[in-house]
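For the protein sequence lines, the chains are A and B, in the order given. When you number the first sequence by our numbering, it's gap-free, plus one each residue, and the end is 593. When you number the second sequence by our numbering, it's gap-free, plus one each residue, and the end is 55. All remarks here apply to the structure that follows.
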Amino acid sequence: MNDLIIDGHKFSSRLFMGTGKFDSNDEMEKAIKSSGTELVTVAMKRVDLDDKDDDMLKHITHPDVKLLPNTSGVRDAEEAVFAAQMSREAFGTNWLKLEIHPDPRYLLPDSVETLKATEQLVKMGFVVFPYCQADPVLCKRLEEAGAATVMPLGAPIGSNLGLRTRDFLRIIIEQSNVPVVVDAGIGAPSHAAEAMELGADAVLVNTAIAIAENPVKAAEAFKLAVQAGRMAYEAGLVSGETSFRASASSPLTSFLDK
Amino acid sequence: MEVTLNSKSYTLDAPITLSAFLEKMAISGEGIAVAVNNKVVPRSQWSSFMLEDGARLIIIKAVCGG
């Protein structure tokens, strides 16, 4: 399979993994290994001096696994920029999963703030992976702002519903010049394979692996599905799907031109 | 003098450096970031950065997340 390259870094695995919701750090570590992932997300929290919990970083620190810190918990672009600077200091990486979700009920990304933060963070030298709506126009704007990838959601986060945004993902993939990583909503290996067959460059999976009865086995199942899906895409399956190219029903008069 | 760390107050006898404060609070410097009054203080400045009365510290570390 072709390698995936982001910011000059070569990935042979196209499965990115989140580290939340595992029962224990040991189980998470084993799942990371069996998934074959080379990129894992990590969040930040304020240090609690009374809390002597196990340091999770040592469970994910591995020469073949790169860290992708996220900005979970921030509500706007200003907070995101602050979180990004803290993250770069704490983890020594300028890679950043930008996620701005003002409402914890749905954890849906704020498109306006995400675009604003991407513009600023790129200028500050960050390699930005924005978690975003499956909005083809927004994804194009993020690309133009200098995002290293776009990470449109497949379905509401944590829902495990699969590719509910499938038609828009197709358009995003078709027109994108940066890698497209389908994030959120992938609940089964078949969903991951479907995303890869569509031509996604990678998928990010967390909940589905972490809450499976056997997360280590689930992680391996996702690994195989991502490989199969990618291989099918590279094989050039003929899907029979029709093109989504629009045909305007109103005249596209350039009435604003002088 | 008083400083706050992640919104909890702590009393100090005299102004001290950020490094000395971290040591006093038994906070390991690995995998953390520190901001004072909402500005990130780079690790390279911890040993010279003086905490003044009323300083508001935020210290973060890694936690599992998606």
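Glycine included, C-beta positions come from ideal geometry on N, C-alpha and C.
Closer than 7 Å at the beta carbon, the chain A residues around residue i
i       : result
Val52/B : Ala378, Met379, Lys380 and Met391
Ala24/B : Met421
Buried versus exposed call for residue i [16 or more other C-beta atoms within 10 Å across all chains shown]
i         : result
Gly355/A  : buried
Asn512/A  : exposed
Thr0/B    : exposed
Ser407/A  : buried
Ile492/A  : buried
Leu473/A  : buried
Asp518/A  : buried
Tyr441/A  : exposed
Glu478/A  : buried
Gln44/B   : Looking at the sequence itself, residue 44/B is Ala, so the reference to Gln does not match. Buried, by the Cβ-count rule.
Asp536/A  : buried
Arg580/A  : exposed
Asn26/B   : exposed
Met421/A  : buried
Glu(-9)/B : exposed
Arg349/A  : buried
Val382/A  : buried
Ala15/B   : exposed
Met39/B   : exposed
Asn337/A  : exposed
Ile544/A  : buried
Lys50/B   : buried
Asp470/A  : buried
Val447/A  : exposed
Val540/A  : buried
Within chain A, the residues that residue i reaches when beta carbons sit closer than 9 Å
i       : result
Gly43/B : The contacting residues do not exist; Gly43/B stays about 19 Å from chain A at best.
Range of the contiguous beta strand (DSSP E) that encloses residue i
i         : result
His344/A  : His344 to Phe346
Tyr466/A  : Val462 to Cys467
Val25/B   : Ile21 to Val25
Lys356/A  : Careful: Lys356/A lies outside any beta strand (DSSP E) and carries neither H nor E.
Asp518/A  : Val516 to Asp518
Ser407/A  : Taken as a continuous stretch (DSSP letters only), Ser407/A belongs to no beta strand (DSSP E), as it is neither H nor E.
Glu373/A  : It is not in any beta strand (DSSP E) - Glu373/A carries neither H nor E in the DSSP assignment.
Arg45/B   : Arg45 to Cys53
Ala537/A  : Ala537 to Val540
Ser(-2)/B : Lys(-3) to Thr0
Thr(-7)/B : Glu(-9) to Leu(-6)
Leu339/A  : Leu339 to Ile341
Terminal residues of the alpha helix (DSSP H) in which residue i lies
i        : result
Ile395/A : Leu392 to Ile395
Pro524/A : Pro524 to Leu533
Asp361/A : Asn360 to Ser370
Asp502/A : Arg501 to Gln510
Leu7/B   : Leu7 to Lys13
Chain B residues whose Cβ lies nearer than 7 Å to that of residue i
i        : result
Gln420/A : Val29
Interface residues of chain B facing residue i [CB-CB closer than 9 Å]
i        : result
Gly355/A : Val52, Cys53, Gly54 and Gly55
Met336/A : Under the 9 Å cutoff, chain B gives no residues; its nearest Cβ is about 25 Å from Met336/A.
Partners in chain A for residue i, counting only beta-carbon separations shorter than 8 Å
i       : result
Gly20/B : Asp390, Leu392, Ala425 and Phe426
Met14/B : Leu384
Per-residue contacts from residue i into chain B (C-beta, under 8 Å)
i        : result
Thr484/A : Per Cβ cutoff of 8 Å: no residues; Thr484/A is ~16 Å from chain B at best.
Thr542/A : Gly55
Any non-hydrogen atom of the ligand SAH within 6 Å of residue i CB
i        : result
Gly534/A : Summarising the ligand content, the structure contains no ligands, and the ligand SAH is consequently not present.
Run through the region 416 to 495 of chain A for me and flag every whole alpha helix (DSSP H) of 4 or more residues, listed as ranges in chain order. 446 to 458 and 471 to 479
At what residue ranges does the region 542 to 573 of chain A contain a whole run of the beta strand (DSSP E), taking only runs of 3 or more? none
If you measure beta-carbon to beta-carbon, which residues of the region -8 to 7 of chain B are closer than 7 Å to chain A? Asn(-5)
Between the region 396 to 418 of chain A and chain B, which residues of the former have CB atoms less than 8 Å from a CB of the latter, in chain order? Pro404, Asn405, Ser407 and Phe417
Positions along the region 434 to 460 of chain A whose CB lies within less than 8 Å of some CB in chain B: none
Against chain B, which members of the region 341 to 366 of chain A pass a CB distance test of less than 9 Å? Taking 9 Å as the Cβ-Cβ cut-off against chain B, the residues of the region 341 to 366 of chain A that qualify are Met352, Gly353, Thr354, Gly355, Lys356, Phe357, Asn360 and Met363.
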